[in-house]
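Single-structure report; data block below.
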Amino acid sequence: MLDTVDSVLSVSKKKGIIHLHAEDEALDGQTLTLNGQKVLHFGTCGYLGLEHHPEVKRGAIEAIERYGTQFPMSRTYISSPLYRELERMIQEMYQAHVVISKNCTLAHLTTIPSIIRQTDLVILDHQVHASVQEAVKKMLSQGINIEMIRHNNLEMLEERIKKQRSNYDRIWYMADGVYSMYGDFAPIKEMIALAEKYEQLHLYVDDAHGISWAGKYGTGYVMSQMENGLYRKMILTANLGKGFGACGGLSLFPNEDWYDKVNNFGGPLTFSVQIEPATLGAALASARIHRSDEFIGYQKELQNRIAYFNRLLRQTDLPLVHENESPIFYIGTGTMDMGNYLVQELIKAGIYVNLATFPAVPAKNIGIRITISLNNSYQAIDELVSKLKLHFKRALLETDQSLEKIRKAFKMASKGTLPVMGEPAADILTVERHTTIEEIDASVWNQYLGKNAMFDWDGLKFLETSFKGNEEKENNWRFRYYKVEDPQGKLILMTFMIVALQKDDMLSQVSISKAIEEERQVNPYHLTSTGIIMGSLFTEGNHMFIDRESPYWRKALKALISELYKEQDLEGASNILLRDMDANDREMDEFMVEQDFVKIDLPESCVVEDLNWNTEEEFRKTLSRKSREHFAPGIKRNEHFYEVQVKDQLSEDELQYAFALFKNVKNHNLAINNFLYADKLFNNMNESDAWEFILLYIKEEYSANRRPVSVCFCHKNVDNVYSPMLIGMDYDYLMEYGVYRQTLYQAIRRANALHCKKVNFGISASIEKKKLGATLYPKVGYYQAKDNFTMEMLEATIAIEKA
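Going left to right, the sequence shown walks through residues 142 to 944 as the numbering used here numbers them.
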């Protein structure tokens, strides 16, 4: 997760749109100076501009003069003199018990572990703020059960309640009052109605972005939806920052019991330094403003500006994701590529807005987040809309996006007839999609991709035959082939994919897969999903030809991705994985991240590339010094135990035994956890001229076992590349006779005897293969989920932690 976020944010940082520094000598909330340029500020969370209110600033200054810059003690012992006064004022505003933490994140870390018990179930809205998610995930180690539902989907919530209510004392639903990215609201009244229907249901709501601009005394959006004060089964958190103009997290309780549990010993509340006097002084001054007659006027004037902005947006084709009365607006761009470009151009044009990117929003739902505050004049809002319209259209052209694609990504209805945005006709690329390799000329395929590994033209025909008509649904794959040509008809890109069922833990830690496999004894398809996978779940290597010298290569790759999205919708696939890319290709990495694909590390590819030797001594000279030292004790000393046979075809009994040996390896090796291949694959290997079998037997003088202790299933492609695709072993002999190492060595010897160019050893066990001269090539994949990668990653995290 951290690597993923780093790769995403690094691209935006490189483009100069995040991690910026304001260069102003003084701030007024209306403008910022960025890179020497003054820009209008439409990215603040200070919705009422109270951070610049003279009374709030005076409150901070006076508090420092009276109490110093800090009160360096835990609140468990003594609280600053200003704490009691602030608590009293907040309690009067909310008519609820309150605990004040240094910020909202600490409020969650203080409150959630103090209230939630092992007999409780937590259900998260998948867009609930990251600070809530992090606080909850820390409780997984304590045995707390966590589930997740789609955003604002109360039907799904009720289904979960009905299913789980007999298993838990309390069920907590956690949501935001106002969501920080899209600015949409939680259905508070409906949530309370559901909690009245099911006594076990309790609510935990974070209203950090709803405070001040909504509700009586600025108590927030959530409080504005409740007629009789804080609901009896709700814990509400709010923020003295953002709209309030100070800093601090509020935890509000409807009963004294919950309040005491948190206040007496609330984790960080106990051992962290308390809020500084200056901040407390500012918060007190702001609280007094909130209770003054002038405050309602502030709220009304902000609503006027919000309504004005909404009215202007309605006159455009801009894809506003949610129209409502919050000061947060979200314009979808779909891809990070377009989001980066649009924010860059707006800054150049004198407008600052936020880029909203993963993980704050789903990977396919990138956009720009615009906030309206009292510091924004009507004239500034006019300028914002004018420049937004202009640069949005330019961004569509520059990044090959369209309004229809964006609306589809956000599940928004089409807005009438939209202008066509795209490249001039002269630059249109030709994209071909095929469902069988037979539709592609064999010489063309083999020229560009057939030389890499076992997926030459004949090899793919073999796979198409082997992975259809099988009894198990996981062994029926749908093959897709794509070609992209430039306007002159020159091939730029070619690849193949499969649509297939996959295990979600395919590349997880072994301990995790072991735990999940136990569940699969009862439910074979637990944590599985249909995916679109570059190459296949059998092949390994570079599955895509792309002409990086062509000026169209980026457009070609975008065209492929567009086709894959169509395939995803057609097949109902949950994710797309483009795999086996060069881990050191930074240009490709930046490009894929901007298309909203998330980078994941893959096992290294292992290739023996030096087969130009005639004797064992010459072979040893191809090895590194350390590998030469390993060769004699690790491999040579065991070679005399073996009789090695190479067979083009096995008898029925031999084939069944070879399959059983393969299943041994499959069951022992969960580092790459996929489904067991069907019998048909092995039968087809036995009938194919491109396949052969290397069998290792222990000689009679050393063992009474007349069965092979190892079988290597090997393919030779059209370009004389040797690929030991699968290995089966008898584990009773593994350690004593060094079976695995010997099998690898005999595969290299066989490739040499056949005068092959190289040996593709595939992935896994890279250390052992390196000892035999294999070069290791670091690989990555790029992954994207259909609806919500944020939710999918969180669900996976929960499943992994449970495992």
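Every residue, glycine too, gets a C-beta built ideally from N, C-alpha and C.
Only a predicted model underlies this, so the values are computations on that prediction, with no experimental measurement involved.
According to DSSP, is tyrosine 218 helix, strand or coil?
In the structure shown, tyrosine 218 sits in coil (DSSP, three-state: anything other than H, G, I, E or B).
Suppose you measure from the CA of proline 195 to the CA of leucine 393; what does that come to, to the nearest Å?
Taking the straight line joining both Cα atoms gives about 28 Å.
Here's a check: name, in chain order, each residue in its chain whose Cβ is nearer than 7 Å to the Cβ of asparagine 611, leaving out the five neighbours to either side.
Cβ within range, chain order: Asn617, Ala819 and Lys821.
Cα-Cα, which of Ala554, Glu615 and Tyr622 is closest to valine 585?
Per the Cα distances, Tyr622.
Report the three-state DSSP secondary structure of methionine 332 (helix, strand or coil).
In this structure, methionine 332 counts as helix in the three-state DSSP scheme.
Using a 10 Å radius around the Cβ and a threshold of 16 neighbouring Cβ atoms, would you call alanine 926 buried or exposed?
Per the 10 Å Cβ criterion, buried.
If we call anything under 9 Å between Cβ atoms a contact, is leucine 544 one with isoleucine 578?
No, these two residues do not count as a Cβ contact at 9 Å.
Only counting the same chain, and skipping five residues up and downstream in sequence, which positions put a Cβ closer than 7 Å to that of glutamate 464?
Answer for glutamate 464: Asn451, listed in chain order.
Name, in chain order, the residues that DSSP records as bridge partners for phenylalanine 854.
Phenylalanine 854 pairs with Phe834 and Leu867.
By the three-class DSSP mapping on this structure, what secondary structure does threonine 246 have?
Reduced to three states, the DSSP call for threonine 246 is helix.
Put aspartate 721 into one of helix, strand or coil per three-state DSSP.
Here aspartate 721 sits in strand by DSSP.
Is the segment 438-445 touching the segment 197-210, taking contact as three or more C-beta pairs under 8 Å?
Result no; under three Cβ-Cβ pairs closer than 8 Å.
Go ahead and pull the three-state DSSP assignment for glutamate 417.
Correct three-state label for glutamate 417: coil.
Mind checking whether tyrosine 358 and alanine 316 have CB atoms under 9 Å apart?
It is not a contact, given that the beta carbons lie outside the stated cut-off.
Please determine, among Gly775, Ala237, Gly422 and Leu802, the residue with the shortest C-alpha to C-alpha distance to glycine 879.
Checked all of Gly775, Ala237, Gly422 and Leu802; the closest Cα to glycine 879 is Gly775.
Based on the DSSP output, what are the partners of serine 654 in its beta bridges?
Looking at the DSSP assignment, serine 654 forms no beta bridge with any residue, so it has no partner.
Taking buried to mean at least 16 other C-beta atoms within 10 Å of its own C-beta, is methionine 322 buried or exposed?
The residue is buried, with at least 16 neighbouring Cβ atoms inside 10 Å.
What number of angstroms, rounded off, separates the C-alpha of glutamine 650 from the C-alpha of asparagine 810?
Glutamine 650 and asparagine 810: Cα-Cα distance of roughly 11 Å.
Let me know the secondary structure DSSP gives asparagine 305 once reduced to three states.
Just to set this straight, residue 305 is glutamine in the shown sequence, not asparagine. Helix at glutamine 305.
Using a Cβ-Cβ cut-off of 7 Å (strictly less than) and excluding sequence neighbours within five positions of threonine 109, which residues of its own chain qualify?
Summary: the structure shown does not reach residue 109, with the chain confined to residues 142 through 944, and so no result is reported for it.
Using the C-alpha atoms, what's the distance from isoleucine 312 back to isoleucine 331?
Looking at the sequence itself, residue 331 is glutamate, so the reference to isoleucine does not match. Cα-Cα distance, rounded: 16 Å.
Is the distance from the Cβ of tryptophan 399 to the Cβ of isoleucine 376 below 9 Å?
It is a contact, given that the beta carbons lie within the stated cut-off.
Per DSSP, which residues does asparagine 901 bridge with? Please list them.
In the DSSP output, where bridge partners are listed per residue, asparagine 901 has Val748.
Just to confirm the assignment: which complete alpha helix (DSSP H) runs, minimum length 4, are found wholly within the segment 473-537?
Listed in chain order, the complete alpha helix (DSSP H) runs (minimum 4 residues) inside the segment 473-537 are 477-489.
Quick one: what does DSSP say tyrosine 323 is sitting in, helix, strand or coil?
Reduced to three states, the DSSP call for tyrosine 323 is coil.
Which residue comes first and which comes last in the beta strand (DSSP E) that contains tyrosine 924?
That run of the beta strand (DSSP E) goes 916-926.
Applying the criterion that 16 or more other CB atoms from any shown protein chain within 10 Å of the CB defines a buried residue, is methionine 479 buried or exposed?
By the 10 Å Cβ count, methionine 479 comes out buried.
Within 10 angstroms of the Cβ of lysine 383, are there 16 or more other Cβ atoms? Answer buried if so, exposed if not.
By the 10 Å Cβ count, lysine 383 comes out buried.
Would proline 395 and histidine 238 qualify as a contact pair, given that the criterion is a beta-carbon distance under 9 Å?
Yes, Cβ-Cβ distance for proline 395 and histidine 238 is below 9 Å.
DSSP three-state call for phenylalanine 620: helix, strand or coil?
Of the three classes helix, strand and coil, the one that applies to phenylalanine 620 here is strand, per DSSP.
Just how far apart, CA to CA, sit isoleucine 302 and glutamate 615?
Cα-Cα distance, rounded: 32 Å.
When the Cβ atoms of the segment 621-635 are set against those of the segment 779-792, are three or more pairs found closer than 8 Å?
No, they do not touch.
Which of helix, strand or coil does DSSP assign to asparagine 805?
Helix.
Per DSSP, isoleucine 231 is paired with what?
Its beta-bridge partners do not exist; DSSP assigns none.
Closest by CA to asparagine 946, which one among Glu658, Asp873 and His182?
Only positions 142 to 944 of the chain appear in the structure, and residue 946 is not among them; the question remains open.
What is the DSSP secondary structure of phenylalanine 738, reduced to helix, strand or coil?
Of the three classes helix, strand and coil, the one that applies to phenylalanine 738 here is coil, per DSSP.
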